[in-house]
Every structure is written in C-alpha cells, then in structure tokens.
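Step one of this worksheet: look at the structure below.
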Amino acid sequence: MSQETAPPDVIIDLIKVSKVYPPDVHAISDISLTVNRGEIVFLTGMSGAGKTTLLRLISRMEKPTKGMVDVAGFDIAKLPQRNIHLLRRKIGMAYQDFKLLPNRTVADNIAIAMEVVYRPKSFIEKRTRELLDQLDLVRKYATRAEELSRGEQQRVSIARAVANSPEIVLADEPTGNLDAETTDRVVNLFHQLHRQGTTILIATHDKSLYQQTNHRVIELRFGRIRAPHAESFEQNDEEKPTFPALASAPEA
Amino acid sequence: MRFLAVVLRHTCRNLLFTWKSQIMTLFTVSLSVLIFSFFYLIYSNALHISDDLDDDLRLIVYLDEEPGLALKEEYQRKILKFDQVDRIEFISSQQAFKRFEQQLGDNRDVLSGVPADFLPSSIEVYPVRSLDSLSRIKRFSDYLSTLPGVLKVQYGKEWIERFYAFVQLMRVVVILSGTLLIMTTTFMVAHTIRLTLLARQQELELLRLVGATNNYIRMPFLLEGAFLGFLGASCGIAALLLLFNWIKLQFAGPTTLTLLPFTFFSWPIILSIIGIATLLCAAGSFSTTRRILQL
Chain A
1 MSQETAPPDV
11 IIDLIKVSKV
21 YPPDVHAISD
31 ISLTVNRGEI
41 VFLTGMSGAG
51 KTTLLRLISR
61 MEKPTKGMVD
71 VAGFDIAKLP
81 QRNIHLLRRK
91 IGMAYQDFKL
101 LPNRTVADNI
111 AIAMEVVYRP
121 KSFIEKRTRE
131 LLDQLDLVRK
141 YATRAEELSR
151 GEQQRVSIAR
161 AVANSPEIVL
171 ADEPTGNLDA
181 ETTDRVVNLF
191 HQLHRQGTTI
201 LIATHDKSLY
211 QQTNHRVIEL
221 RFGRIRAPHA
231 ESFEQNDEEK
241 PTFPALASAP
251 EA
Chain B
1001 MRFLAVVLRH
1011 TCRNLLFTWK
1021 SQIMTLFTVS
1031 LSVLIFSFFY
1041 LIYSNALHIS
1051 DDLDDDLRLI
1061 VYLDEEPGLA
1071 LKEEYQRKIL
1081 KFDQVDRIEF
1091 ISSQQAFKRF
1101 EQQLGDNRDV
1111 LSGVPADFLP
1121 SSIEVYPVRS
1131 LDSLSRIKRF
1141 SDYLSTLPGV
1151 LKVQYGKEWI
1161 ERFYAFVQLM
1171 RVVVILSGTL
1181 LIMTTTFMVA
1191 HTIRLTLLAR
1201 QQELELLRLV
1211 GATNNYIRMP
1221 FLLEGAFLGF
1231 LGASCGIAAL
1241 LLLFNWIKLQ
1251 FAGPTTLTLL
1261 PFTFFSWPII
1271 LSIIGIATLL
1281 CAAGSFSTTR
1291 RILQL
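Rendered as structure tokens:
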C-alpha cells in the first residue's frame, strides 16, 4: 500500500538496491538513485549493464533482492499482488520487446491500456488517433500488429505507454529501431509529456538522444552506477534545454 | 456499468477464441446434468410414491377368535401405548365378510353358501406417518405378533420391502450420478478455462502490466464458467423434458406407468439444478484461474 517514505517531490527512490537472478547473476548491485517528479533521466550503458532490470524493478515486474525501491509512494517489496495495479496505473512502459498482441490491431493494442481504467469508448478512439497521428501511424490504425515493421511496432508500444498520460514513463530503448525522422517524432512526444509534468526514464544506447543535453544521464556498468554526466534538474525552466534531437523539431 | 460491459466483451471474446473446446464442455455438462437429473427424477417420483404408500400403510393383525370386550381393551391398551400408532380399528368376522363381498362386486355370488364368519376377525393398526423406516415397521410387526391370540401380522411385506430396496438403490445411483456431475462439470470447465487462459496468456500478462485489477482479469473467466454451466444444465434439463414427454407418449395406453403418478420436476427443482451446475462450473473456473494466474 501507499508508503510515505520519500519526500513529496521525489517520485522514484532507490536505496542500495541489488537484484540477483538465480543461480548467481548480479544484474544490479547496491544502486541508489533518486528521481524527482517531472524529471527526465537517461540510463545508458552496455548491454547487460542492468538498465532493463532497473526499469523492471521500478515497474514491479521484479522484486529487489536487497534494498528499497519506492515508486510514487509505493514500497515495491511490500506492495501486495492485489494492489500492483495501483502502481502500474501510474506508470507507462514502452518495452524493448514491445509486448504487442500480434493478432490484434494497432488501435486495439493502444486501447487496452485505456480500457483497463474504464475510459469511455469515444475518448479511447480519439486518444488513439491523436497518438497515432503524432507518431505518423494513422494509416496503420486497423492493421494487425504482426503485419507492422519493427519500427512501427516500437512506436505502437510507445503510444500505448503514454496513452493514459501516466505520472511516470519508462522507455526501454525507445528509438532502437527508428530512423532519424521517426526518432524526432518520439522525442517530440516525450518532450510534450515532460512539459505536462511527466517523469521520464529512458534506457538507451542512442547517444543522439542524450548528448549535449543537460538532463541527467546515468551510466550503468556491470550493474552499478558509474558517474552522472550532468545534474541539471534543479535548473529553472528557461535554462532547461530540450533534447538535442528536438533542435529542429517544432514544439508540439 | 462500464466494468460490466468490458467484462462481457472479454467473455464473448474468450468464448469465440476457444469455441471448439467450449462446445465439447457444453456437451459434457449437458450429458452429466441429463444423467443426474434422469436418476433424480426417478428417485423423487419414487419418494412421492412411497409417501402415498405411507398414507395407505396399515398393519393387519389377524386374530384366532373374536375378542371379547376385556380382550379388546387389553389389545387397545397394549397397541396404543406406542407413540407411533395413530389409531386402531377392530374388524369383526362379519365386517370382514361384508368388505369382501363389496370387493367382489358383481361376483359376490361365489360367496353364496359360505358362512359369514369364515374370515378371521382382525385389528387394523394405522401407524403415524413418521414410521417410515421399514426396519421399524418390521420391529413393530414382530411385537404385534407376540400379543395373545394373534394368528399373523400382515403389511404387504414383500411389495414394501422390494419398493424400499428400489428407493435405496435409486438413492445410491443419484449420489453416484451427482458425484459424476460434480466431477465432470468442475473438471471439464476447469480444463476448458485452462485452455482459454493458455491461449490468451500473452494478453493476460499485458493486462497486468498496464494496470488491470485482478477482478478485471478474472471476471471474464468466471463468467465463462458460469455461462457454460448455465447453458449446459439448461440443455440437459431440456433434453430430459423431451425424453420424459416421449416416454409418456409411448406409454400413453393403460399400462402400469400411467397408473403411477409420475411427474416432471417442479420449477424450484429445475432452477436449483441449473443454479447448482452454474455454481459448480464457476467454482471450477475460479480454481483454475486462481492456480494459473496466481491471483
């Protein structure tokens, strides 16, 4: 249940968190990390560095082996199974493997996130079209997910993650299969959410996303935090830079 | 309201998704209900007949000679001291003769020349309705035969014994077919739901990830189980009704069957059978959903 363990402006708080998979794979070790409400944080590092595990811990797809994970007021380790939905409704996650339903249409795949919170049908349809328009996928509205390219599937997964305007967006390699133009569209969508106050964690290899940005970049190496590249989240709004990839993109 | 609409939509989708196994399950549930209710129908009618028999049940105590006033009083005292006796009636030889004459009707001539006291006098003992157990009737009959001047005690022993044995047998058959009903409905439905769950595992995992509640995930499967139970039981009862009417039609003539008061289930019993089957199927679905989804 709700645990008031972190200060109100802190939305994600990890204290000395470790995750060990059997038999003895240390995915992350002793990680402490605090993310404030409305912040954008990039998680970088080589494959196997622990980026995905970290996101999975935050979304309670995994429980920590050691340490405390507090997300939006919920202590992950103590959160009972029957209440996981309360946490998940605050989080939108774009998965690396997309997690789309192959035999359902693009619209169905996006709508599923809104159906579980009982949004009206008209709202679901409007919001789905709006997101598909932003991600240049309107023409694929009624296409089955299995007929899409990987890049298109990735965008559908992102659209589903942000459909409910969640408090936290977790994106695992969100631009891994995208060209420069579509990457811009995705980044633009994230930027729009950021301006609305959404906290965004992006696990990525794509340097173009975080180079020259003053948002916090955290590099993971062998399951540990190496060193922060920048700590500018305390700057005021005028000084806060946008994504470099957005330099030429219109403000949404 | 919106929850209900979403759940119903998911239920319909589940039913369409695995329609082949749904039909198999429906057939099995129908057959189980048909078998159970068939035997239950026979049993309940047998009970009804046995009730009627109880109404007519009496023990006839034949005496070796016409009892005097003192002896009558003694018989009355000794028999009526039992709580299970409703009333007794003394039948003299003459009264027995008259009755016999009436029973013979137009053939009473055969009795011409026969002395009016050729039949023994008797006492008719009417037990209370609670004396329904054959063994108790037997014990009571044994007691009556020990009374002085009693020739023999009669109560349609063979017929009643056979009939009660039949009722006992039907009780066992009903219990067995009831067990069969419970097993097939719960196991078959559990198996079908399991197939649906496995076929939709990917979607169910996603539903959890996007914040669906346990009820949101579980309810469509519960409804699916309940629906299979309801429809299966209704089909089973409908099939039994058709069979019942067919048999009645076949034996419409003056046969033993038409003499017996054989009736179909009343509405409360029909609704109870359908309700129980529905609940059983929902329970089967609930346990599978709980086990596989670990909710």
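Those protein sequences? They're chains A and B, same order as listed. What the first sequence shows, in our numbering, is residues 1 to 252, in sequence order. What the second sequence shows, in our numbering, is residues 1001 to 1295, in sequence order. Cβ coordinates follow ideal geometry from the N, Cα and C atoms, glycine included. Predicted model, so just to flag it, every value in this text is computed and none were measured.
Heavy atom of the ligand FMN within 8 Å of residue i beta-carbon
i, result
"A/Lys78", "With respect to the ligand FMN, the structure offers nothing, as it holds no ligand at all."
Contacts that residue i makes with chain B (C-beta to C-beta distance below 7 Å)
i, result
"A/Arg127", "In chain order: nothing, as chain B lies at least about 14 Å away."
"A/His85", "Gly1211, Ala1212 and Thr1213"
"A/Arg89", "Gly1211"
"A/Arg82", "Asn1214"
Reference residue i, options the options, closest by Cα
i, options, result
"B/Ala1165", "B/Leu1242, B/Leu1249, B/Ser1050 and B/Ser1093", "B/Ser1050"
"A/Arg226", "A/Val117, A/Ala203, A/Thr44 and A/Val116", "A/Thr44"
"B/Cys1012", "B/Thr1196, B/Ile1269 and B/Phe1100", "B/Thr1196"
"B/Glu1066", "B/Leu1231, B/Phe1230, B/Ile1042 and B/Gly1149", "B/Gly1149"
"B/Leu1169", "B/Ala1005, B/Ile1193 and B/Ile1042", "B/Ile1042"
"B/Asp1064", "B/Phe1262, B/Gln1102, B/Lys1152 and B/Leu1209", "B/Lys1152"
"A/Ile28", "A/Ile40, A/Val69 and A/Asn36", "A/Val69"
"B/Leu1222", "B/Glu1205, B/Phe1163, B/Thr1192 and B/Cys1235", "B/Thr1192"
"B/Thr1060", "B/Lys1138, B/Arg1108 and B/Phe1036", "The identity of residue 1060 of chain B in the sequence shown is Ile, whereas the question assumes Thr. Of the candidates B/Lys1138, B/Arg1108 and B/Phe1036, the one whose C-alpha sits nearest the C-alpha of B/Ile1060 is B/Lys1138."
"A/Glu115", "B/Val1114, B/Ile1217 and B/Phe1038", "B/Ile1217"
"B/Leu1228", "B/Leu1119, B/Val1033 and B/Val1114", "B/Val1033"
"B/Phe1100", "B/Asp1117, B/Glu1089, B/Ile1088 and B/Phe1090", "B/Asp1117"
"A/Gln253", "A/Ile168, A/Lys19, A/Ser165 and A/Leu132", "Chain A is shown only over 1 to 252; residue 253 of chain A falls outside these bounds and no answer can be derived."
"A/Asp13", "A/Thr105, A/Ala72 and A/Leu189", "A/Ala72"
"A/Arg37", "A/His194, A/Ser157 and A/Arg82", "A/His194"
"B/Ile1237", "B/Leu1271, B/Tyr1155, B/Trp1246 and B/Phe1251", "B/Leu1271"
"A/Ile124", "A/Ala111, A/His215 and A/Arg104", "A/Ala111"
"B/Leu1047", "B/Phe1163, B/Ala1199, B/Ile1276 and B/Leu1293", "B/Phe1163"
"A/Asn109", "A/Ala142, A/Gln211 and A/Ala180", "A/Ala142"
"A/Lys66", "A/Lys51, A/His215, A/Val17 and A/Glu130", "A/Val17"
"B/Glu1089", "B/Lys1098, B/Phe1097, B/Lys1072 and B/Gln1102", "B/Lys1072"
"A/Thr199", "A/Pro120, A/Leu209 and A/Ser165", "A/Ser165"
Neighbour-count burial assignment, residue i, 16 or more Cβ in a 10 Å radius
i, result
"B/Val1007", "buried"
"A/Met46", "exposed"
"A/Glu231", "Because the pLDDT of A/Glu231 is 43, which lies under 50, any placement of that residue in the model is unreliable, and the question is left without a value."
"A/Lys140", "buried"
"B/Gly1105", "exposed"
"B/Thr1018", "buried"
"B/Ile1023", "exposed"
"B/Pro1115", "exposed"
"B/Glu1296", "This structure cannot settle anything about residue 1296 of chain B, because the visible part of chain B is limited to 1001 through 1295."
"B/Thr1289", "buried"
"B/Tyr1155", "buried"
"A/Glu39", "buried"
"A/Gly92", "buried"
"A/Gln134", "buried"
"B/Phe1003", "exposed"
"A/Thr53", "buried"
"B/Met1219", "buried"
"B/Tyr1143", "exposed"
"A/Tyr21", "exposed"
"B/His1010", "buried"
"A/Leu33", "buried"
"A/Glu130", "exposed"
Cross-chain neighbours of residue i in chain A, by beta carbon under 7 Å
i, result
"B/Arg1002", "Tyr118"
Contacts that residue i makes with chain B (C-beta to C-beta distance below 9 Å)
i, result
"A/Arg56", "Neighbours of A/Arg56 on chain B: none; closest Cβ ~10 Å, over 9 Å."
Contact list for residue i against chain B, beta-carbon separation under 8 Å
i, result
"A/Arg93", "Arg is not the amino acid found at residue 93 of chain A; the sequence shown has Met there. Simply Leu1209."
- prompt: Quick check: the segment 83-99 of chain A against the segment 169-180 of chain A, are there 3 or more CB pairs under 8 Å?
  reply: yes
field: Residues, ordered as in the chain, of the segment 1206-1219 of chain B that lie near chain A by beta-carbon distance below 8 Å
entry: Leu1206, Leu1207, Arg1208, Leu1209, Val1210, Gly1211, Ala1212, Thr1213, Asn1214 and Tyr1216
message: Please list, in chain order, the residues of the segment 1173-1202 of chain B that have any C-beta partner in chain A closer than 8 Å.
response: Residues of the segment 1173-1202 of chain B with a Cβ closer than 8 Å to any Cβ of chain A, in chain order: Gln1202.
- request: Could you say if the segment 1169-1187 of chain B and the segment 1270-1288 of chain B meet the contact criterion of at least three C-beta pairs nearer than 8 Å?
  value: yes
Sufficient close CB pairs (3 or more, under 8 Å) joining the segment 74-81 of chain A to the segment 179-186 of chain A: Taking 8 Å as the limit for Cβ pairs, the verdict is that the segment 179-186 of chain A does not touch the segment 74-81 of chain A.
- request: Report yes or no: do three or more beta-carbon pairs, one from the segment 84-93 of chain A and one from the segment 54-62 of chain A, lie closer than 8 Å?
  value: yes
field: Residues of the segment 1004-1024 of chain B whose Cβ lies closer than 8 Å to any Cβ of chain A, in chain order
entry: Those residues of the segment 1004-1024 of chain B that come within reach of chain A (Cβ to Cβ, closer than 8 Å) are Val1006.
task: Residues of the segment 95-125 of chain A with a CB closer than 7 Å to any CB of chain B: list them in chain order, please.
output: Answer set for the segment 95-125 of chain A: Lys99, Leu101, Ile112, Ala113, Glu115, Val116, Val117 and Tyr118.
- prompt: Is there contact between the segment 1262-1278 of chain B and the segment 1199-1212 of chain B, where contact requires at least three CB pairs shorter than 8 Å?
  reply: no
- prompt: Hey, is the segment 1113-1129 of chain B in contact with the segment 1082-1094 of chain B, meaning 3+ C-beta pairs nearer than 8 Å?
  reply: yes
query: Between the segment 185-199 of chain A and chain B, which residues of the former have a C-beta closer than 7 Å to a C-beta of the latter?
result: Listed in chain order, the positions of the segment 185-199 of chain A with a beta carbon within less than 7 Å of a beta carbon of chain B would be empty, since no residue qualifies.
- prompt: Is the number of C-beta pairs between the segment 1242-1252 of chain B and the segment 148-165 of chain A that are closer than 8 Å three or more?
  reply: no
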